[in-house]
Each structure stands twice: as C-alpha cells, then as structure tokens.
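Residue numbers (this note's numbering): 3 to 782.
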C-alpha cells in the first residue's frame, strides 16, 4: 500500500498510484497520480519526473549549483514562500525572524498502520487496509517544522492529505494561510466542476475550463455554504460520466474553505484546498502546533461517475461512524410544512396517526415547540417546552408517539439566539456582535459565540437535558443564517474567530451525541448550507435543501450525488404546488425523486384524498423493500441524449437487484424514442426489467376525458372532481427480459403520448412525469 525506495514514495490504492520523491535539495517533488502502476521502484522516478534540461527564462534558480532547478517549474507536494515559486503558495506566515519567507526541507518519514487521528478536528477513520505516511520537513532559518500526512484508503481508492505546522522557536508564528494539500499536475486541459447555488438551489453543477490564472471555489459565510460546496473535480479533456481521467477533491471541514486550480505559464496545474485565508490570522505560539483540516483526493479513469463512486464508498466506510454507520435510515414524517408554528398536541397526534397508517417509522416535531416560539422573531436560545401547545411536555408527546409504534424526533437550532428571548436578556454577551456596532440580523436572529466556553457549556447542558427528558431517537440540527459581525471577546486575535467557531461546534456536537449514540442526527443549515464531510463525521445524514420541488431536486440531489452517497441525502415528499416554486408535480414524481435518498414526507396528511393515501402507503412499502438498494447501492447517473431527461440507477452490491429512475422535465410535442441506458449489471446473467406501477389522476386529463368516456362530463364538474379523490388509472407498465449485456446496450421504451392516440401501452409522462424501473436477476 505504501512503499519507499531511495527517497521515492509510492502510495497504492486498489486502482490508483500516487508517487513523489525527495529532490537532492530536500523538496518533495510530485511524480505521478493516476491509474495503478505495477511494482514501481526508484528507477521509475527519472522516468516519471518532469524533465529539467534547460533553464527557463525569468525564473529564479534555487541554487547556483544547478541553474535549471527552479521551484517555479518544479511539480511540488508542498511549496514554500519567498524562494522562487511564484505560483499560489500553500503557506503564508509571519515567521519568527520577522519575514514571510520560509523554506521547508525534508528531514525524514514515518509509516503508520491505520489512520493517524487529529487532536482538534474530525478526520476519516479506519484501520483495515488503511496506512498513513508522515513526511517531516523543517524550515532552514526558523525553528519551525511541517509534517505532511498522507493516509491511504486502499479499498475505496482515496488518499487524504493534511499538514501540521509546529512552532519550536521562542517567538510566535502568525499563520495567514496553511492549505491542507498542494498538488502540481501536468495539464490535461482540465475542466473544473463545482457545485454552486444558494438557498433553495443548492449544489447545481457548473463547469469551467481551467485557463491561465487561478480558478477559485470558496466560501466566506462562516459555513461550508450553499453558495459553493467545498468539493470539486478536475476532469481531463474529453471526459464523460463514464470515461476519462477525473480527479476529485473535498475537505473534512464545515467552515470557510478555499479550493483552487492555477494553470501556470508552463502548463502545470496547481491544486490547493484548505481553510479560506479570508479574515484568517492564527497565532501559533511557541511549542504549539496548528492542524489543517483533512483534504480528500481520488482519481478515476472511468469518468465523473467513477470518481463519485469512490467518494461514496469512502464516506460510507470512513466518514460516517457510530451506530448509524451503514444502517438503514428510517422513513420519517416532518410536520413543518403542514403546521409551521401553528400546532397543538391534538393536531400533532392526528398527523402522527396518519403517518403511522401510511408506514412512516419516525415522527419529527419541527420548529415552534419551545418558549414563546410562535414565529421566527422570538424564543431561540430558550429550552422550556411550550405547555400551551404541549400540555404533557415532550415526555408526554413522545410517549404517545411511541405507543403508536413510531420513534420520535425533534428539531433544534442551538447555535442561534433571538433578541426576544430569556437567554439574550440574561446574557447578551453570548451573541456574536462587534462592540459599539448595531448587529446585522438574519431571520431575526443572532449567532451564539461558540468561541466562548460558557456558551458551549450552555448548549451542551440544555440540549442534553431535553434529549434525556423524553424518548428522542432523532435530532434535526438547524443553523439558519450566515455569520456576520465576526467577533468574540474571548479572543485576542479576531483572525481566529471563524476557525475557532467551527472547532467549538465540533466540540459541542461531540459532547452531546457521543454519550447518546442511539440518536440519529440530521444536520441542516437552511437546507444544504453546511453539506460537507465535517458535518458527516457527526450527522450520518444532512437535509439537502428546503426546496422539495422534485424538478429542482433533480439538480440539487444530482449535484450532491457527485460528491456524497445517497445514504446521507435527506429528501422529502411535499405538497403540490410547491411552496418554493409554485410548480405543480405528480405525487409519483415527488416520490420517485425522493426515493433516491433518505425518504421523508412533509405535507398535511389530513388533507390527502383516499387515492393519495393509498398511493403514499404503497410508495413507502416499495421504498422499504428496496431501501438498502437506494441508500447503499452503487449509484449511476445514466446517460440520456435528450436535454429534458434525467436518469438515475442504484444497484445492490451483489448486482442482483436494481432500481432506475427515468425523469422528464418539460415534455416535447410528439416525442421521439426514449432509451433506458442501464449500467452496473452482470453481463452474463438474465434480468427482468419492469415498470413500477403508478397512478394517473383523472384530473390531469382535463377535456381529453370527452374522448375516452361514454358520456360527456365537465372536467371541472363535481362528478370528475369527486372521482379524482377515490379513483386512479394505472400508467403504462412495461416488461422486458434479457442478459445483462443486452439490457445495458439500451432498451427503447414504449412511445410517450403524442397527442393523437392512446392505449394502455402508451407512456403518459407529460411535464414533470417519471417512472421507476425494477431490475431483478432471475436467480435472485
């Protein structure tokens, strides 16, 4: 897995090799990252190394002994500052000698079995088929050391990187930037793929060709942010979803991040990822050290999908931990969109009874259960249960929910405070404000100062008391605003605020949930504002977006699936028209999209028709049957030649069971043939492919009912309106059979409705229609 030969280091995963060597001057030189090399040795270094046989103009020679040796040209594992490398430096620090110049040179290495845990931040875990390499460097003029950690996760084809700066001098080091990783690659005409957006439109895929200069992917909101997820890819020219060289990068960190790709004038691409240096200034005192967050890297020659699947396996195996690792996520019902703040125990129990009857396993009480919380203007920071709404308290409500046969879950927003709250009136100093400045509010609230140990203790104590007061098995942890007015009276150096806030958050989460491992934690931050690997170390699933419109979710969940497995993506079925877009969609499509994630329902169940109740009950039964396939199967984003189609597929580990989703956005007139292009099956065994039956509601046909009914009825009249509540038609069901190789060649599907003819073999999708296809091995 890790081999060393004459100062050459080879890191092998199942399908990749990462190689670097130490130059004659002591700099770690990058050699190779790509498909696995068979048994390389020291003789491979001259072959793999970038050649230096001519002096490059306008460069600075590192030594007069070798004028061709310039750090500005050398592909480096980590670079220093002020020694002739004019590309973006991974480190910027005011050193003890008063300069910003440093030159870290190699002093030795150490190989360790398993991963090497961090002291201040979460990191990936694991011992089996895991090994770590530490490369030690020392500055030539100052008593400062830099350790570069590489951890190899062989089975998942992932390598992580991080570094530790150690101050061994008698003066402080003022650190202004310390990237977790630096990687210099020879250009392959890369495209950077990022996942960007905002509230209700998170993680949309964007592609930019890397050109000369620096392309940056960053966040300055105090969170990993809904604007730019920390994960990104560099894809070589000509890549597709299934083919081509793709490098993936992500960061185990929940705060301000910066990732970049810099194309130099000599066609090398420098890749960096770490804490955003914006407003960052951290004092490393004598005999102290600073740990960078852990960066995650992968490579695949099988396109974007191959790199995604590496990340999925790595997260399920080495990021998510504890009792909920690789366990099925419960089907939940959340009362928010049904109630908002207006509820009492009677209404909640009525919803719970309906949810149980439909097959839900977990009832979640969202915002509004505490203090004077009748709107978002008051109550945050207080933890006294509102007895007007819940006369029996949480204990009584949870007991009644449990007696129905469901688990009980609860929403919190512990990092926030309203000015109209008992906590703020008693401790205004707990809020993040700048002295003498009127603070900026977001959603009528301020951020609590997690740099303050008293605040951390307050949250741990009061959230812990609530969790221990009732039978609570799930927590939704929300954080509904970005951070402004960043200041803590607990800090002498305000440049440390953002990082210490995130470290404080991790401490709080660990103190609350480590003693309560039975609780399933779902992180949320106005939807996907903090969807990152750092939070996944504590919360096995994350609410993807407040936007539950399935057509928008195709872009949101599709983008997130590039970086994160479906087992951690919270996805709900809500009422139509959707509150975020006013778009109307079929109940079947709402479920078909949400099934590719951790399924929940979030609508007023008391308003359902009998037909809708029957359909939802059948949906949940189906999801439970294929839950492990959806949540932990191998996921494929299938190709489609049409812009108005999205196709997904999940395949069980033994490749005997699979479910594919075929989604249409806007329908076209007289649509041409649709082809279902499946993947991941065994080529030499036989499968059946069948459409999951789903309902068609009479109202969607409008005046077309005149052509199919023996009598003419008003499409807006009482008869059809009443019939729509109780009766539905079944959409076209297709059946196919064949060897896996034949099926994966592509199945032309039955025609869609073309405006002039219909029978039971016609697929009726229309705008926002969809179908699920069940693929089963015949010997399963």
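For every residue, glycine included, the Cβ atom is placed at its ideal position computed from N, Cα and C.
Under the three-state DSSP convention, the category residue i falls into
i	result
residue 633	helix
residue 136	strand
residue 401	helix
residue 146	strand
residue 274	strand
residue 618	helix
residue 371	coil
residue 666	strand
residue 489	coil
residue 208	strand
residue 733	coil
residue 521	coil
residue 865	Limits of the chain in this structure are 3 at one end and 782 at the other, which puts residue 865 out of reach.
residue 432	helix
Cutoff 7 Å; reference residue i; Cβ partners in own chain excluding five residues on either side
i	result
residue 593	575, 621
residue 776	661, 692, 694
residue 216	90, 262, 264
residue 176	95, 96, 283, 285
Cβ-based neighbour list, residue i, same chain, cut-off 8 Å, excluding 5 preceding and 5 following
i	result
residue 672	756, 757
residue 442	486, 487
residue 38	14, 15, 16, 17, 18, 19
residue 323	127, 539
residue 368	336, 337, 338, 341, 413, 478
residue 279	94, 178, 179, 260
residue 173	98, 288
residue 36	18, 19, 247, 301, 303
Expected contact under 8 Å - CB spacing of residue i and residue j to nearest Å
i	j	result
residue 403	residue 354	5 Å
residue 233	residue 556	The Cβ separation is near 19 Å, so there is no contact.
residue 414	residue 475	14 Å between Cβ atoms; not a contact.
residue 86	residue 72	6 Å
residue 297	residue 253	5 Å
Residue from the options with nearest C-alpha to residue i
i	options	result
residue 27	8, 65, 238	65
residue 52	5, 387, 78, 591	78
residue 91	544, 100, 80, 97	80
residue 166	328, 147, 156	147
residue 131	139, 155, 578, 112	155
residue 231	219, 240, 415	219
residue 171	108, 744, 99, 511	99
residue 445	480, 744, 584	480
residue 600	340, 667, 522, 237	522
residue 210	670, 238, 389	238
residue 676	649, 134, 385	649
residue 591	659, 696, 490, 602	696
residue 34	270, 203, 458, 296	270
Span separating the alpha-carbon of residue i from that of residue j
i	j	result
residue 406	residue 615	18 Å
residue 681	residue 373	52 Å
residue 531	residue 226	7 Å
residue 779	residue 685	11 Å
residue 122	residue 316	22 Å
residue 589	residue 493	52 Å
residue 112	residue 142	21 Å
residue 10	residue 771	56 Å
residue 448	residue 343	20 Å
residue 287	residue 497	15 Å
residue 149	residue 416	36 Å
residue 277	residue 180	7 Å
residue 274	residue 183	6 Å
residue 21	residue 561	31 Å
residue 542	residue 75	43 Å
residue 41	residue 164	26 Å
residue 145	residue 169	7 Å
residue 24	residue 31	6 Å
residue 651	residue 745	13 Å
residue 360	residue 699	19 Å
residue 559	residue 572	9 Å
residue 400	residue 617	28 Å
residue 45	residue 57	24 Å
Neighbourhood of residue i by C-beta, 6 Å cutoff - its chain only, sequence neighbours within 5 removed
i	result
residue 737	692
residue 256	226, 504, 532, 534, 536, 537
residue 314	567
residue 528	201, 482
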